[in-house]
Amino acid sequence: MMMESVSSSSSAPPEQGGSNKDDVDRPPPPPPPPPEKSSDYIRTAAQNYISRNATIHGPANLVTGGRSVIRRGVVMRGDYGVAMSVGRYSFLDEGVVVAPCVVPRSSDPLLPSSPSSSSSSSSSSSPSTTTAPPPPGSNERAIPVAIGSHTYIGRDSVINSISVGSCVHIGSNCVLMSRTKVHDCCLVEDGTILPPDAIVPPFSRVRGDPTGMIVGSLPECAGVEFAEGRVRDYHDFVRGGGGGGEGRGEGGRA
Numbered sequence: 001m002m003m004e005s006v007s008s009s010s011s012a013p014p015e016q017g018g019s020n021k022d023d024v025d026r027p028p029p030p031p032p033p034p035p036e037k038s039s040d041y042i043r044t045a046a047q048n049y050i051s052r053n054a055t056i057h058g059p060a061n062l063v064t065g066g067r068s069v070i071r072r073g074v075v076m077r078g079d080y081g082v083a084m085s086v087g088r089y090s091f092l093d094e095g096v097v098v099a100p101c102v103v104p105r106s107s108d109p110l111l112p113s114s115p116s117s118s119s120s121s122s123s124s125s126s127p128s129t130t131t132a133p134p135p136p137g138s139n140e141r142a143i144p145v146a147i148g149s150h151t152y153i154g155r156d157s158v159i160n161s162i163s164v165g166s167c168v169h170i171g172s173n174c175v176l177m178s179r180t181k182v183h184d185c186c187l188v189e190d191g192t193i194l195p196p197d198a199i200v201p202p203f204s205r206v207r208g209d210p211t212g213m214i215v216g217s218l219p220e221c222a223g224v225e226f227a228e229g230r231v232r233d234y235h236d237f238v239r240g241g242g243g244g245g246e247g248r249g250e251g252g253r254a
């Protein structure tokens, strides 16, 4: 019956605007989230702004240098029993996930592995990893994670690194997998996936999915531009009432 109704209507003149059935059947996009207000943020004594809609597990293990912004939807896994540090004037945009990487306590093959060990190892080797690994099991340990100063992490990125340096720009929808290290003054472009154990040297530009690769280098002035951009972003955010301001592109330029 459905085919008959479609074929019978095919002789009718097309509707104004030339819309097709696929456009009609496609669900509308979700509405954008409401704009943030100053009341949506907690201002700490060190002048950090942390969204009330961020999830900070184990806040006692989170150490911040001050004047940083953690936006709504951010998840920080401080419940793995190790320190997580964020430097000064850093900006974690909406939906970012930061979790320490989990490694075996020993490489002795005679030691039994916990169920979470196999799941964490498989998740750390899969480029599709978009969430934090499970907490460490009885034969595992977490490694502290450090994020430097004047660093921006873009929306919906997942950080499972050992360290992200200072004056680093990480784009949106990036995945930095287990045990990765990003040194100072680097640019990781949108959608990049760094495989486990990848090390990005200073002043590198990285791009690639499923495997991020160095595609160029940054000028020596990049560090200064990134630092100035993050300070400017912070003050723009504060002037916007604690609920405005967006992380910007390279060097903080629009």
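In terms of the UniProt record's numbering, the sequence shown is residues 1 to 254. We put the CB at the ideal spot given by N, CA and C, even for glycine. Please read these numbers as outputs of a predicted model, since none were measured by experiment.
**OP:** Note down the Cα distance separating residue 218 from residue 99, rounded to an integer number of angstroms.
**Re:** Start at 1 with the first residue of the sequence shown, and residue 218 comes out as number 218. Start at 1 with the first residue of the sequence shown, and residue 99 comes out as number 99. Going by the C-alpha atoms only, they are around 28 Å apart.
Original post:
Between which two residues does the beta strand (DSSP E) harbouring residue 216 extend?
Top reply: As a first step, residue 216 is located in the sequence shown; it is residue number 216 there, counting from the start. Note, residue 216: beta strand (DSSP E), 213–217.
Subject >> Separation of residue 162 from residue 180, as counted between CA atoms >> reply: As a first step, residue 180 must be located in the sequence shown, where it is residue number 180. As a first step, residue 162 must be located in the sequence shown, where it is residue number 162. Rounded to the nearest angstrom, the two C-alpha atoms are 6 Å apart.
**OP:** Could you name the residues that DSSP lists as bridge partners for residue 51?
**Re:** As a first step, residue 51 must be located in the sequence shown, where it is residue number 51. DSSP, once it has assigned bridges, lists 41 as partnering residue 51.
Subject >> Opposing strand residues paired with residue 68 [DSSP bridges] >> reply: Position 68 of the sequence shown holds residue 68. Beta-bridge pairing links residue 68 to no other residue.
Subject >> Sufficient close CB pairs (3 or more, under 8 Å) joining the region 230–240 to the region 137–156 >> reply: yes
Original post:
beta strand (DSSP E) containing residue 141: first to last residue?
Top reply: Indexing the sequence shown from 1 puts residue 141 at position 141. Per DSSP, the unbroken beta strand (DSSP E) holding residue 141 starts and ends at 140–142.
**OP:** May I have the straight-line CA-CA distance separating residue 77 from residue 28, to the nearest angstrom?
**Re:** By one-based count along the sequence shown, residue 77 stands at place 77. By one-based count along the sequence shown, residue 28 stands at place 28. Each residue's Cα considered, the two are about 34 Å apart.
**OP:** Pick helix, strand or coil for residue 206, following the three-state DSSP scheme.
**Re:** Here the question's residue 206 lines up with position 206 in the sequence shown. If DSSP states are grouped into helix, strand and coil, residue 206 belongs with the strands.
Original post:
Taking buried to mean at least 16 other C-beta atoms within 10 Å of its own C-beta, is residue 221 buried or exposed?
Top reply: Here the question's residue 221 lines up with position 221 in the sequence shown. Residue environment: residue 221 is assigned as exposed (fewer than 16 neighbouring CB atoms within 10 Å of its CB, all protein chains considered).
Subject >> Identity of the residue in 189, 168, 174, 34 nearest residue 182 by Cα >> reply: Here residue 182 is taken as the residue at index 182 of the sequence shown, counted from 1. The shortest C-alpha separation from residue 182 is found at 168.
Subject >> Euclidean distance between Cα positions of residue 45 and residue 66 >> reply: Taking the sequence shown and counting its residues from 1, the one referred to as residue 45 is at position 45. Taking the sequence shown and counting its residues from 1, the one referred to as residue 66 is at position 66. So the alpha carbons of these two residues sit roughly 8 Å apart.
**OP:** Figure out for me which residue from 37, 26, 61, 33 has the closest Cα to the Cα of residue 241.
**Re:** As a working mapping, residue 241 is identified with position 241 in the sequence shown. It is 37 whose Cα lies nearest to the Cα of residue 241.
**OP:** Report the option in 69, 34, 189 whose CA atom is closest to the CA atom of residue 47.
**Re:** Against the sequence shown, residue 47 aligns to sequence position 47. Residue 69 is the option with its Cα nearest to residue 47.
Original post:
How would you call residue 56, buried or exposed, if buried means at least 16 neighbouring beta carbons within 10 angstroms?
Top reply: To locate residue 56, count along the sequence shown from 1; it is residue 56. Counting Cβ neighbours within 10 Å, residue 56 comes out buried, since at least 16 surround it.
Subject >> DSSP-derived helix/strand/coil call for residue 239 >> reply: Here residue 239 refers to the residue found at position 239 of the sequence shown. Looking at residue 239 - three-state DSSP - the assignment turns out to be helix.
**OP:** Would you list the one or two residues that DSSP bridges to residue 153?
**Re:** Taking the sequence shown and counting its residues from 1, the one referred to as residue 153 is at position 153. Paired residues: 92, 170.
**OP:** Taking all protein chains shown into account, decide if residue 215 is buried (16 or more other Cβ within 10 angstroms of its Cβ) or exposed.
**Re:** Numbered from its first residue, the sequence shown carries residue 215 at position 215. Exposed, since its Cβ has fewer than 16 Cβ neighbours within 10 Å.
Original post:
Can you tell me whether DSSP reads residue 230 as helix, strand or coil?
Top reply: Along the sequence shown, read from residue 1 onward, the residue named residue 230 stands at position 230. Here residue 230 sits in helix by DSSP.
Original post:
Just the Cα atoms here: how many angstroms apart are residue 42 and residue 239?
Top reply: As a working mapping, residue 42 is identified with position 42 in the sequence shown. As a working mapping, residue 239 is identified with position 239 in the sequence shown. Between residue 42 and residue 239, the C-alpha separation is close to 15 Å.
**OP:** Could you check how far apart the C-beta atoms of residue 185 and residue 203 are, in whole angstroms? I think they sit under 8 Å.
**Re:** Taking the first residue of the sequence shown as 1, we reach residue 185 at position 185. Taking the first residue of the sequence shown as 1, we reach residue 203 at position 203. Yes, residue 185 and residue 203 are in contact; Cβ-Cβ is about 5 Å, under 8 Å.
**OP:** Look at residue 156 and residue 166 and say whether their C-beta atoms are less than 9 Å apart.
**Re:** Here residue 156 is taken as the residue at index 156 of the sequence shown, counted from 1. Here residue 166 is taken as the residue at index 166 of the sequence shown, counted from 1. Against a cut-off of 9 Å, the Cβ pair of residue 166 and residue 156 comes out as no contact.
**OP:** Starting from the C-beta of residue 58, find all residues in its chain whose C-beta is less than 6 Å away, skip the five residues before and the five after it, and write them out in chain order.
**Re:** For the purposes of this step, residue 58 is taken as the residue at position 58 of the sequence shown. Excluding sequence neighbours, residue 58 sits near 78, 79.
Original post:
Considering only the beta carbon of each residue, do residue 75 and residue 96 sit closer than 9 Å?
Top reply: Mapped onto the sequence shown, residue 75 falls at position 75. Mapped onto the sequence shown, residue 96 falls at position 96. Cβ distance < 9 Å, so residue 75 and residue 96 count as in contact.
**OP:** Tell me whether residue 58 counts as near the ligand ZN, meaning its Cβ is closer than 8 Å to at least one heavy atom of that ligand.
**Re:** Looking at this structure, you won't find the ligand ZN or any other ligand, since it has none at all.
Original post:
Identify the residues that DSSP records as bridge partners of residue 162: which are they?
Top reply: In the sequence shown, residue 162 corresponds to position 162, counting from 1. Paired residue(s): none; residue 162 is not in a bridge.
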